[in-house]
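To start, the structure itself, in structure tokens.
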Amino acid sequence: MKPKKMRQKHNNDNWYQQQLEFIDVSLNDIGVIVRKIDTFHNYEISIAYLDGLIDKNLLQRDVIGAILRAAQVPKDIIANDLLSIISLSTASITEVSSSKQLEDQILQGNTILLIETLDKGYSLELKGWPKRTTQEPEIETSVRGAHLGFTEIIGENIALVRRYIKSKSLKEKNYILGTNSKTPIKLLYFQGAARAEVVEEVIARLDTIHLEVIMDSGYIEQLIVDNPYSPFPQAMRTERPDKVAANLLDGKVAILVDGSPTALLLPAPMIGYFQTIDEFSTQWLLGSVLRLIRWIGFFVAMFLPAIYIAIVSKDFSIMPLQLLLIIAESRAGIPYPPLVEALIMEITVEIIREAGIRLPGKIGQTIGIVGAIVIGDAAVKAGIASNIMIIVVAVTTISTFLVPVFELGLAVRFIRFFMMFLGGTFGIIGLSIGGAMVLAHLSMLETCGVPYLEPFAPIKVKEWKDLFIRAPLWTMNGRRPTPSNKRRK
28 MKPKKMRQKH
38 NNDNWYQQQL
48 EFIDVSLNDI
58 GVIVRKIDTF
68 HNYEISIAYL
78 DGLIDKNLLQ
88 RDVIGAILRA
98 AQVPKDIIAN
108 DLLSIISLST
118 ASITEVSSSK
128 QLEDQILQGN
138 TILLIETLDK
148 GYSLELKGWP
158 KRTTQEPEIE
168 TSVRGAHLGF
178 TEIIGENIAL
188 VRRYIKSKSL
198 KEKNYILGTN
208 SKTPIKLLYF
218 QGAARAEVVE
228 EVIARLDTIH
238 LEVIMDSGYI
248 EQLIVDNPYS
258 PFPQAMRTER
268 PDKVAANLLD
278 GKVAILVDGS
288 PTALLLPAPM
298 IGYFQTIDEF
308 STQWLLGSVL
318 RLIRWIGFFV
328 AMFLPAIYIA
338 IVSKDFSIMP
348 LQLLLIIAES
358 RAGIPYPPLV
368 EALIMEITVE
378 IIREAGIRLP
388 GKIGQTIGIV
398 GAIVIGDAAV
408 KAGIASNIMI
418 IVVAVTTIST
428 FLVPVFELGL
438 AVRFIRFFMM
448 FLGGTFGIIG
458 LSIGGAMVLA
468 HLSMLETCGV
478 PYLEPFAPIK
488 VKEWKDLFIR
498 APLWTMNGRR
508 PTPSNKRRK
């Protein structure tokens, strides 16, 4: 009878056993699974992972399968040979030399490989948690651009960006933020296009972040903006990889957070909130018209109700007599001043809008449209609001949707109420003072050290080609190709 082969003792057994004991004591109650393989050429191998965070098919095929195939080889295989076999089919292998590193890697969703003969372990990237497929963002829809959006997986989001920028000048810097969440974060910038001082400033601000939990890119935004008390957004959010790629090539910095489908773009001057991908995919003249419409919608959404209230309440003498009579007839029977009337209707619209967002897609749209029609008609019949006020509120609400970025639209909605109070109290003079205050505030704002109103203030005439209109691409990026018939002449 052939004697049974005894497993030999090794000098590194102590470290190996310490890690197994650490897992059993400290991580046993969070769902960590440990699988041992003790028939491998006189030394034991253990695999530890958090249940539900790894792809078990990859684990079985690339790790356990490799170990079992190597075990069938007659000669003894040392640990380095085994690692070489596993590395051929595993995306990433990182050394783990302490219990703290082991814990962090397991909580990140990686698989730990412990070999009895070694005084260190290895982290294998075999992540496989549930995820959704890429789809077009619901808020940032595009007619002529790509129909792809970010997901909650940071690795996939980086791949989507690199699909547009195939250059080694696209640099990455990795962070792990959140003492409890340990959220992976990536900083992207295009070397040669991004300003060095902006990149250094963003890095310095990220280094100062100390939070227990980071669940979304919005957490980062609130901590790195220059003026957190301003209603205007100072970091642009987007779910479009093509928009991120275009802004990186334009010299901006992008921040991507694992678990969030939204990227942050810095610096974010005000002009950037009125630019869309569709403009650059359309003939320049038509693209310029679209941008001008958005600028007009921005001012209408902010000032139209306030102008109406100011004229009707205080400065009706500047209005043509015929129009004044029409407004007076429309307001006959309204028991309160225009300011109160406008506040009632604006608050009602905001309630309907928020209700439509929280409800499922088609139901929310239906309730929003039907609710606005029914409530508006009932308000006029009940003498709560005039016909003209309904028109003003409707045009204002539609104009708000012309602002392409949701955060800037929120700022416009907030400032609109401030302007309404000034118009109802002080008339046109109050509106002039309010407009000057908003302009002064915007002039003082900075985004990562860059003026918020750049290139309008400070004045940079050369950059006005992409301000209120979108100039032809060949005037901004390069020479226009000469048609073949002109070359022949």
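Counting from 28, one number per residue, gives the positions in the sequence shown under the working numbering.
Cβ atoms here follow ideal geometry from the backbone N, Cα and C, with glycine treated the same way.
Chain-order list of residues whose beta-carbon lies under 6 angstroms from that of Leu204 (same chain, five-residue window excluded): Excluding residues within five positions, the ones whose Cβ falls inside 6 angstroms are Thr210, Ile212, Ile236 and Ile241.
Following the continuous alpha helix (DSSP H) through Val229, name the residue where it begins and the one where it ends. Ala223 to Asp234
Would you check if the distance between the CB atom of Val439 and the CB atom of Ala328 is smaller than 8 angstroms? yes
Could you please give the first and the last residue of the uninterrupted beta strand (DSSP E) stretch that includes Phe217? Thr210 to Phe217
Proximity to Ala290 [Cα-Cα], best of Val430, Ile181 and Thr144: It is Ile181 whose Cα lies nearest to the Cα of Ala290.
Please list the terminal residues of the continuous beta strand (DSSP E) segment that includes Lys518. Any question about residue 518 goes unanswered here, given that the chain covers just 28 to 516.
Met263 bridges to which residues according to DSSP? Leu292
Residues that DSSP places opposite Thr121 in a beta bridge: Ser150
Just verifying my parser: in three-state terms, what is the DSSP assignment at Asp253? coil
Cα-Cα separation, Ala221 to Ser459: 38 angstroms
CB contact flag (Met416, Glu381, <8 angstroms): no
When you compare only the Cα positions, how much space is there between Val61 and Leu250? 39 angstroms
Is the beta carbon of Gly314 sitting closer than 8 angstroms to the one on Glu306? Yes, Cβ-Cβ distance for Gly314 and Glu306 is below 8 angstroms.
Is the distance from the Cβ of Gly450 to the Cβ of Ala262 below 8 angstroms? With a cutoff of 8 angstroms on beta-carbon distance, Gly450 and Ala262 are scored as not near each other.
Give the secondary structure of Ala1 by DSSP, where H, G and I count as helix, E and B as strand, and everything else as coil. Absent from the structure is residue 1, since the part of the chain shown begins at 28 and ends at 516.
So the candidates are Met297, Met446 and Leu331; which of them puts its Cα closest to the Cα of Glu434? Per the C-alpha coordinates, the member of Met297, Met446 and Leu331 positioned closest to Glu434 is Met297.
By the three-class DSSP mapping on this structure, what secondary structure does Glu473 have? strand
Report the CB separation of Ile72 from Ile142 in whole angstroms; it is logged as a contact under 8 angstroms. 6 angstroms
Out of Ile378, Ala412 and Asn201, which has the shortest C-alpha to C-alpha gap to Ile396? Ile378
Going straight from the alpha carbon of Ser470 to that of Pro258, what length do you get? Here the C-alpha atom of Ser470 lies approximately 14 angstroms from the C-alpha atom of Pro258.
Bridge partners of Ala75, per DSSP? Val61 and Ile139
Would a C-beta distance cut-off of 8 angstroms place Phe330 and Arg318 closer than the cut-off? no
Tell me which residues share the same chain as Tyr43 and place their Cβ nearer than 7 angstroms to its Cβ, disregarding the 5 neighbours each side in the sequence. Take Tyr43, set aside five residues on each side of it, and the residues of its chain with a beta-carbon closer than 7 angstroms to its own are Leu141 and Glu143, in chain order.
Any 3 or more C-beta pairs closer than 8 angstroms across the stretch 353-367 and the stretch 400-414: yes
For the stretch 80-93 against the stretch 159-170, are there 3 or more C-beta pairs whose distance is under 8 angstroms? no
Would you mind working out which of Phe49, Val170 and Asp146 sits nearest Lys127, comparing C-alpha positions? Between Lys127 and the set Phe49, Val170 and Asp146, the nearest pair of CA atoms involves Phe49.
Check the C-beta distance from Lys200 over to Ile230 and give it rounded, since I have them as a contact under 8 angstroms. 7 angstroms
Boundaries of the beta strand (DSSP E) in which Val420 is found, first to last residue: Unbroken run through Val420 is the alpha helix (DSSP H), Asn414 to Thr427; no beta strand (DSSP E).
Residue span of the beta strand (DSSP E) that contains Val280, given as start and end: Val280 to Val284
Where Leu494 falls: helix, strand or coil (DSSP): coil
DSSP state of Ile81, grouped into three classes? strand
What does Pro478 pair with, by DSSP beta-bridge criteria? Paired residue(s): Glu473.
Which residues in the same chain as Ser196 place their Cβ atom closer than 6 angstroms to its Cβ, once the five residues preceding and following it in sequence are excluded? The beta carbon of Ser196 sits closer than 6 angstroms to those of Phe217, Gln218 and Gly219, all from its chain and outside the five residues before and after it, given in chain order.
When you compare each of Ile192, Arg497 and Ser53 to Trp322 by their alpha carbons, which one comes out closest? Arg497
Given a cut-off of 8 angstroms on the beta-carbon distance, is the pair Ala75 and Ile139 in contact? yes
Given this structure, state the Cα-to-Cα distance separating Glu227 from Pro294, to the nearest angstrom. 12 angstroms
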